[in-house]
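Chains as they are written, first to last, in UniProt numbering: chain A, 1 to 394; chain B, 1 to 394; chain C, 1 to 394; chain D, 1 to 394.
Ideal placement from N, C-alpha and C gives every residue a C-beta, glycine not left out.
These numbers were taken from a predicted model, which means no experiment stands behind them.
4 protein chains.
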Amino acid sequence: MTDPRIAELRDRVRSFVREEVIPAERELAGGAEPTDELRRRLQQAAASAGLLSPTAPKRWGGLGLSVSEQAVVLMEAGYSLLGPLALNCAAPDEGNMHLMHKVASPEQQERYLAPLARAEVRSCFAMTEPSPGAGSDPSMLRTSAHWDGEAWVINGRKWFITGADGAAWAICMARTPEHGDSPAGATMFLVDADNPGMQVVRHIDSLDRGFVGGHCEVQFTDCRVGPEAVLGEVGKGFAYAQVRLAPARLTHCMRWLGLAQRAQDMALDRVTEREAFGSRLADLGMAQQMLADNEIDLAASRALIAQAAWLLDRGERASAESSIAKAFVAEAVGRIVDRAVQLHGALGVSHDLPLALFLREVRPFRIYDGASEVHRMSIAQRAVRRRTAARSPQ
Amino acid sequence: MTDPRIAELRDRVRSFVREEVIPAERELAGGAEPTDELRRRLQQAAASAGLLSPTAPKRWGGLGLSVSEQAVVLMEAGYSLLGPLALNCAAPDEGNMHLMHKVASPEQQERYLAPLARAEVRSCFAMTEPSPGAGSDPSMLRTSAHWDGEAWVINGRKWFITGADGAAWAICMARTPEHGDSPAGATMFLVDADNPGMQVVRHIDSLDRGFVGGHCEVQFTDCRVGPEAVLGEVGKGFAYAQVRLAPARLTHCMRWLGLAQRAQDMALDRVTEREAFGSRLADLGMAQQMLADNEIDLAASRALIAQAAWLLDRGERASAESSIAKAFVAEAVGRIVDRAVQLHGALGVSHDLPLALFLREVRPFRIYDGASEVHRMSIAQRAVRRRTAARSPQ
Amino acid sequence: MTDPRIAELRDRVRSFVREEVIPAERELAGGAEPTDELRRRLQQAAASAGLLSPTAPKRWGGLGLSVSEQAVVLMEAGYSLLGPLALNCAAPDEGNMHLMHKVASPEQQERYLAPLARAEVRSCFAMTEPSPGAGSDPSMLRTSAHWDGEAWVINGRKWFITGADGAAWAICMARTPEHGDSPAGATMFLVDADNPGMQVVRHIDSLDRGFVGGHCEVQFTDCRVGPEAVLGEVGKGFAYAQVRLAPARLTHCMRWLGLAQRAQDMALDRVTEREAFGSRLADLGMAQQMLADNEIDLAASRALIAQAAWLLDRGERASAESSIAKAFVAEAVGRIVDRAVQLHGALGVSHDLPLALFLREVRPFRIYDGASEVHRMSIAQRAVRRRTAARSPQ
Amino acid sequence: MTDPRIAELRDRVRSFVREEVIPAERELAGGAEPTDELRRRLQQAAASAGLLSPTAPKRWGGLGLSVSEQAVVLMEAGYSLLGPLALNCAAPDEGNMHLMHKVASPEQQERYLAPLARAEVRSCFAMTEPSPGAGSDPSMLRTSAHWDGEAWVINGRKWFITGADGAAWAICMARTPEHGDSPAGATMFLVDADNPGMQVVRHIDSLDRGFVGGHCEVQFTDCRVGPEAVLGEVGKGFAYAQVRLAPARLTHCMRWLGLAQRAQDMALDRVTEREAFGSRLADLGMAQQMLADNEIDLAASRALIAQAAWLLDRGERASAESSIAKAFVAEAVGRIVDRAVQLHGALGVSHDLPLALFLREVRPFRIYDGASEVHRMSIAQRAVRRRTAARSPQ
């Protein structure tokens, strides 16, 4: 990345993360979720540093970075578990901002997107359902909404809704029947947190703890919203999910890769300090192998992200490329952190260092936003279609 | 295993674990370490069922099983995180009983081993040290003891001392100078918990939480013990460590493999219940691949344990075989649990199921009792020596 | 294996292979298939040494070893690519002897099995078909036979029929319609090589070259055989295939594992002789890792074979266990030889050593006798059934 | 790659390879090395199509592509085993052209580079030595040269010298003592094929067969050359080796990746044609997993090559990046071809398809041009140095 403006921004984010954010990680000790108080403190610091909302359009107060530029900045932010939160570019808000920017009406943008981009509120995205509902296979969506003549009435249960507790509003995905000119399908609804029909049932106690507002189970019971709550158009929910998913997957990769780089830096420090069997760890072949495999995984991850970002910036959908990047990076990040733990020995599995926490945080990434197996299925199917088409006579 | 006596014992352990022990796992919710109160309750139930201390000699009230028989029983016990504790065959007590049985004087056995085999007390084994002391490389031992004319005086710091908090006594490994006829080397000392020179500094907050008494940091400061505290002979500490290690590694493998079998059973249940993409998970190729890889890993682990156990029962040292089993099983168990998590999707990383806890518990096994890399180094060195010897002219 | 009789036999096979067989490997230089002349020479030497036909029943002149004993002897034989041929326990004859012993009528045994066990002739097993016929999925069998009132008439094409060129007879698997009391299904036929309806079309030029008589494509065109040519009973072909497969898979594993041990021994020799970066290769961590991984793969392979052999000797079908062993060992052997090649650098890919040839020979083992994926599918399905049954109320 | 000029060139190369080059692969049947007659025929066709010498500077008649542009064209060329040869961008000539362009004197360029770029002659690069000489560790160089007052006299043995038989000249790397102002070190010499002191001893029979002129063993015996034969300066041989290596590694990656793409295309064709277990292979999960892993490996390889190429085009050395790309791509290409073979079943290991040949061709790539382990060692060492520097106070 040679643009001096971005290089300068990257350096500022790097300093900010090391000086302001990493010290705050101690507040996650013992597996505590970050609090809204911590969030506000960090976001105010980021705002003072001019680093808030790098992915949001300038019009809404963000830095308006291209996807390629986001890659640079979000990796730096991800160097701390709290960095993306501090910069207001963490999931799910970052993805919601993108979706609202692309799909919402001007009124919806003013009401929902603007305060989100200013980090005044948080939001959530209510799509995933517990078994036997929509998990890996979105077509199994069971939450439904129907128009009763006066309002849309939503019923169903969602879970692993990140940040639901404390969010000002939710985007809720529900199955909808044919409605006017709109075909049967799925529709996204904007639901205010104070809607009595939407209730956060519990925080799901999960392996990862790094998200403010937790991963929640959310119940929709006769939840009534007006026609203005429809995000975009009725029946287009699955299409909008795709609008959100490809870039959201990629920003996930950027953030997690930053954390993997941190783990590798810790490992590189460790091997120059620790000795065993008469050598520095850094000079032992098996340690070198782990360090080199980490470097390779980091380089391949960065390169795959860069390629997909470049395509997205050119206006392509990059579905295949973002799927490939997600599948690879999610697994690579897991390997990198795991090797860093191994290189630290017993210290690596203690919480004296944050590595053990990183290990917990990154594991779900192979499941969230499309399990590795689902991505592989779609990657294979796309490859088969592409090849079949290439062989067909025109 | 065709011995009907062992098959019957296995079935009794199986029932006991499912009926009495697994329900108690809920007391570990939220990452709580098992308490001594829970331990006593479970061990009384095991005693009532005639299942206490399967690895301890009959003379001391145990079941006196051979290593091959232990393999059967400890895998069943390991099906629950609390099973080995319930049966009084968990680390470190199980290894300490073995060591005391082999090395301790009759007086030491009466005083220390007998109450341990009856599960009246717990013990600990204080060998590992924080950097730059003895971790993977035991020759880096820094804790030292010297004879001041009246007593042995031990100084040094230990960490990851499992079960230290609440243990009635510790075996402490310390570097000792030449002493009488004994060469310089290492010596093991029995230290009572009320010795003012031994102090539990803290519980190390670790990825795994399943051990009663935690993983502790322990300080020895001018810790004075009499000559009767020397376990076995002065200067033979490293040799005794080998006596303890090979079988202790293997019982570790047995226990963890039981947990891996539990994870696989949960995965097998899941895939028959959950559908996606129009099929039962059980009928999807990628799920089958994970299930099959688990079966292969389980079978290979069982087979390696069986082979090493058979050799130990024949009186061989089986150092190479137990090292190979440890390296393979520790990694296989991690893979098995990881695949079971993946097959459960988001549910797998939630603590609604114990799988996420299992994932945390098994990760350190690749580090504890010899990191995989250290075992590989010694496996390779042994293979080179064996081959070189085979080629030499006689 | 402690039986001194078997230990002595193992030592004799070991000496025979090193002294008589390995020197003959030079006749495979340049990728030449072993000739029948070479086969006869080696088999006469083996007969003189009392080592011929270790798997054949004593009644037919073999050594009558149990499966567990075969494991010991066939691994030693497999130490050379030509060892199994020399001892007359190579595929496909070894599997055919087993099948004929279990299923053939006394007359068929006298006529076909007896000379095979005496190594007077070779045989072949004609089951696999080119696409779209029976490959991984035997239910796709297209070769058919019908009774025309006087004879069975076989039509179809087979390929990868090992040893077909020069075989005295073939077992041909064909789809048969309902016939008398026999249901529609598959039937095995004994076809003499001089039957004009059976023709060896070509040797398939394959990655592996180590089988006498090659891998052939064989055409059956109105191939007429009498009722006495039916092996066992009409319609039971698929069941007999299972009778042959489980032990044949296991003997495959034994033989290939012997070759893997040879590759590892070569690697162990190499690392003590070659230096780089100021050390013996044997002292470099990455080399140690490869050597250790080979030791682990060898030990796990041996242990899985031993377990399945033990079950077969007890009269169990051991389908799951032999499938697991086949899947694991086929992949392990590939990894072991690959690592041995890598440890030899450029020398390893030259044919100055036989390693490059080994690499070619072992690759197809992941496909022959059930591709790894097919085994994994059936391993998973069995595990699901077993678990479902275990949960069912009785 | 959006430059329409390059897209057009890529399409022309693609057509040329499919129409003119792939049909010629049949001449490699049975493991035959390509002949110089075949080479000339293909290169004339490429010259007619305006596609000769894409990496050579325009001044010498090449296409003068940047490294990033080479990536596009060489991957297309590599789609056939004979493509790089046809376009005169195969190893070792392509690397030699680069080195001569960077280091040779104008006279040397006129005499050696010009005819090479016009594909009138072939060349070779004589660096690697048999044990105990320079293999993975170049510092073990044993071939030596000394100035006897009238000429340089070279003595030593080289092996795996690709293309030596039939080459018009060689670049020979030899250890040289202090000479004038030049320190002791290594020096590169240009040796004409008719020099009586240089002799091709044999073609080494190797796993891969795709290089014209083979991999040869070459003996230098009192090989006398004049001062004008010194390439660049005396004593700078190791530095020049680096000049050649980084880009040569990368062009290796490009070519092999083209072959991997071909293997994947064959696999994609196969899975839509072949059925098993009642489904197209393309719809079976385990097949999808292999196809998807191939897509991921291809994408990551392409991305790593693109990143390193971009750096080289900016004038950076990109040593770390080209090392990472080499280590990853060499292994990825092996995995891709291996999976393609597996998806073809028995057909995949037959030479009815070129896949079995591809498998043989790509295996040595993990050894040639720096074994994976050597690259990992240097990748780790660089990472440690970079991190140590980043932490140092300025």
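**OP:** State the DSSP-derived secondary structure class of A/Glu-273, mapped to helix, strand or coil.
**Re:** Correct three-state label for A/Glu-273: helix.
Original post:
What do you reckon, are the CB atoms on A/Leu-383 and D/Leu-355 nearer than 8 Å?
Top reply: The sequence as given places Ala at residue 383 of chain A; Leu does not occur at that position. At least 8 Å separates the beta-carbon of A/Ala-383 from that of D/Leu-355.
**OP:** Apply the 10 Å Cβ neighbour rule to A/Ala-126 and answer buried if 16 or more other Cβ atoms are within range, or exposed otherwise.
**Re:** The residue is buried, with at least 16 neighbouring Cβ atoms inside 10 Å.
Original post:
When DSSP builds the beta bridges, which residues end up paired with A/Arg-280?
Top reply: Beta-bridge pairing links A/Arg-280 to A/Glu-275.
Subject >> Beta-carbon proximity list for B/Arg-366, same chain, < 8 Å, skipping 5 on both sides >> reply: Setting aside the 5 residues that flank it on each side, B/Arg-366 is surrounded in the same chain by Ala-330, Glu-331, Gly-334, Ser-372, each with a C-beta closer than 8 Å to its C-beta; the list follows chain order.
Subject >> Under 8 Å by beta carbon: chain C residues contacting A/Gln-289 >> reply: Result: Gly-285, Met-286, Gln-289.
Original post:
By how many angstroms is the C-alpha of D/Gly-258 removed from the C-alpha of C/Ala-300?
Top reply: Straight through space, the alpha carbons of D/Gly-258 and C/Ala-300 are spaced by roughly 37 Å.
Subject >> CA nearest to the CA of A/Ala-380, picked from D/Arg-363, D/Gln-199, D/Asp-269 >> reply: Each of D/Arg-363, D/Gln-199, D/Asp-269 was checked against the Cα of A/Ala-380, and the nearest Cα belongs to D/Asp-269.
**OP:** Assign C/Ala-241 to buried or exposed, taking buried as 16 or more other Cβ atoms, counted over all protein chains shown, within 10 Å of its Cβ.
**Re:** It is buried - the Cβ of C/Ala-241 has at least 16 other Cβ atoms within 10 Å.
Subject >> CB contact below 8 Å: C/Gln-261 versus chain B >> reply: With 8 Å as the cut-off, C/Gln-261 does not count as an interface residue toward chain B.
Original post:
Any residues in the segment 375-388 of chain B with a beta carbon nearer than 9 Å to a beta carbon of chain C? Which ones, in chain order?
Top reply: Taking 9 Å as the Cβ-Cβ cut-off against chain C, the residues of the segment 375-388 of chain B that qualify are His-375, Arg-376, Met-377, Ser-378, Ile-379, Ala-380, Gln-381, Arg-382, Ala-383, Val-384, Arg-386, Arg-387, Thr-388.
Original post:
Quick one: which chain B residues come within Cβ less than 8 Å of C/Asp-269?
Top reply: Ordered by position in chain B, the residues that pass the 8 Å Cβ test against C/Asp-269 are Arg-387, Arg-391.
**OP:** Please work out which residues of its chain come closer than 7 Å, Cβ to Cβ, to C/Leu-85, disregarding the five sequence neighbours upstream and downstream, and give them in chain order.
**Re:** Within the same chain, and ignoring the five residues on either side of C/Leu-85 in sequence, the residues whose Cβ sits closer than 7 Å to its Cβ are Pro-34, Arg-39, Leu-42, Val-212.
**OP:** Could you name the residues of chain D that A/Thr-251 contacts, counting a contact when the two beta carbons are closer than 8 Å?
**Re:** Here the premise fails: no neighbours, minimum Cβ distance about 18 Å.
Original post:
Enumerated in chain order, which unbroken segments of the alpha helix (DSSP H) with a length of 4 residues or greater are wholly contained in the segment 90-152 of chain D?
Top reply: Every unbroken stretch of the alpha helix (DSSP H) spanning 4 or more residues and falling wholly within the segment 90-152 of chain D is given here in chain order: 93-103, 114-117.
Subject >> Proximal residues of chain G, C-beta to C-beta of B/Arg-363 below 9 Å >> reply: Absent from the structure: chain G. Protein chains present are A, B, C and D.
Subject >> Alpha-carbon to alpha-carbon, B/Cys-216 and B/Arg-202 >> reply: Distance between the alpha carbons of B/Arg-202 and B/Cys-216: 6 Å.
Original post:
Ordered along the chain, which non-local residues of its own chain (more than five positions away) have a Cβ less than 6 Å from that of D/Gln-199?
Top reply: For D/Gln-199, where only same-chain residues beyond five positions count, the Cβ hits under 6 Å are Gln-219.
**OP:** Determine the DSSP secondary structure at C/Asn-195, reduced to helix, strand or coil.
**Re:** DSSP, read as helix, strand or coil, puts C/Asn-195 in coil.
Original post:
If A/Gly-62 and A/Ser-53 are in contact, beta carbons under 8 Å, what's the gap, nearest whole angstrom?
Top reply: So it is a contact: roughly 4 Å between Cβ atoms.
Original post:
Near B/Ala-282, what residues of its chain come up, given a Cβ to Cβ distance below 6 Å and the 5 sequence neighbours on each side ignored?
Top reply: The residues are Val-271, Thr-272.
Original post:
Does DSSP classify A/Thr-162 as helix, strand or coil?
Top reply: A/Thr-162 sits in a strand when the DSSP states are folded into three classes.
Original post:
Of all the residues that make up the UniProt domain "Acyl-CoA oxidase/dehydrogenase middle" (124-223) of chain B, which are near chain A by a beta-carbon distance shorter than 9 Å?
Top reply: Taking 9 Å as the Cβ-Cβ cut-off against chain A, the residues of the UniProt domain "Acyl-CoA oxidase/dehydrogenase middle" (124-223) of chain B that qualify are Thr-128, Pro-130, Ser-131, Pro-132, Gly-135, Ser-136, Asp-137, Ser-139, Met-140, Trp-159, Phe-160, Ile-204, Asp-205, Ser-206, Leu-207, Asp-208, His-215.
**OP:** Enumerate in chain order the residues of its own chain whose CB-to-CB distance from C/Ala-167 is below 7 Å, with the five nearest sequence positions on each side excluded.
**Re:** So the qualifying residues of the chain are Arg-122, Ser-123, Cys-124, Ala-193, Gly-213.
Subject >> Strand pairing of A/Val-200, partner residues [DSSP] >> reply: Its beta-bridge partners are A/Val-218.
Original post:
Under a CB-based cut-off of 8 Å, is A/Ile-367 close to chain B?
Top reply: Under the Cβ criterion of 8 Å, A/Ile-367 is counted among the residues facing chain B.
Original post:
Does DSSP put C/Pro-66 in a helix, a strand or coil?
Top reply: A small fix is needed here, since residue 66 of chain C is Ser in this sequence, not Pro. Under the three-state reduction of DSSP, C/Ser-66 is assigned to coil, being neither helix nor strand.
**OP:** Grab the span of the beta strand (DSSP E) containing C/Trp-60 for me, first residue to last.
**Re:** Neither: C/Trp-60 is in no beta strand (DSSP E) and is coded neither H nor E.
Original post:
Where do the ends of the alpha helix (DSSP H) carrying residue 395 of chain D lie?
Top reply: Nothing about residue 395 of chain D can be reported from this structure: the residues present for chain D run from 1 to 394 only.
Original post:
So who's on the other strand from A/Ser-176, going by DSSP bridges?
Top reply: Here residue 176 of chain A turns out to be Thr, not Ser, going by the sequence shown. For A/Thr-176, which the question treats as bridged, DSSP gives the partners A/Gly-185.
**OP:** Taking only the alpha-carbon atoms, compute the straight-line gap between B/Pro-132 and B/Glu-94 and give it to the nearest angstrom.
**Re:** Distance between B/Pro-132 and B/Glu-94, taken at the CA atoms: about 28 Å.
Subject >> Option in D/Ala-29, D/Arg-12, D/Ala-24, D/Asn-96 with minimal Cα separation from D/Arg-244 >> reply: Out of D/Ala-29, D/Arg-12, D/Ala-24, D/Asn-96, D/Asn-96 has the C-alpha closest to the C-alpha of D/Arg-244.
Original post:
Nearest to A/Val-337 by CA position, among A/Ser-322, A/Ala-267, A/Gly-83, is which residue?
Top reply: Of all alpha-carbon atoms in A/Ser-322, A/Ala-267, A/Gly-83, the one lying nearest the alpha-carbon of A/Val-337 is that of A/Ala-267.
Subject >> Contact list for A/Ala-371 against chain B, beta-carbon separation under 8 Å >> reply: Simply Gln-342, Gly-345.
Original post:
Taking Cβ positions, are C/Ala-306 and B/Ala-303 nearer each other than 8 Å?
Top reply: Yes, the Cβ-Cβ distance between C/Ala-306 and B/Ala-303 is below 8 Å.
Subject >> Touching by the beta-carbon criterion (3+ pairs, under 8 Å), the segment 70-80 of chain A and the segment 5-17 of chain A >> reply: A contact is defined here as three or more CB-CB pairs under 8 Å, and the segment 70-80 of chain A meets this definition with respect to the segment 5-17 of chain A.
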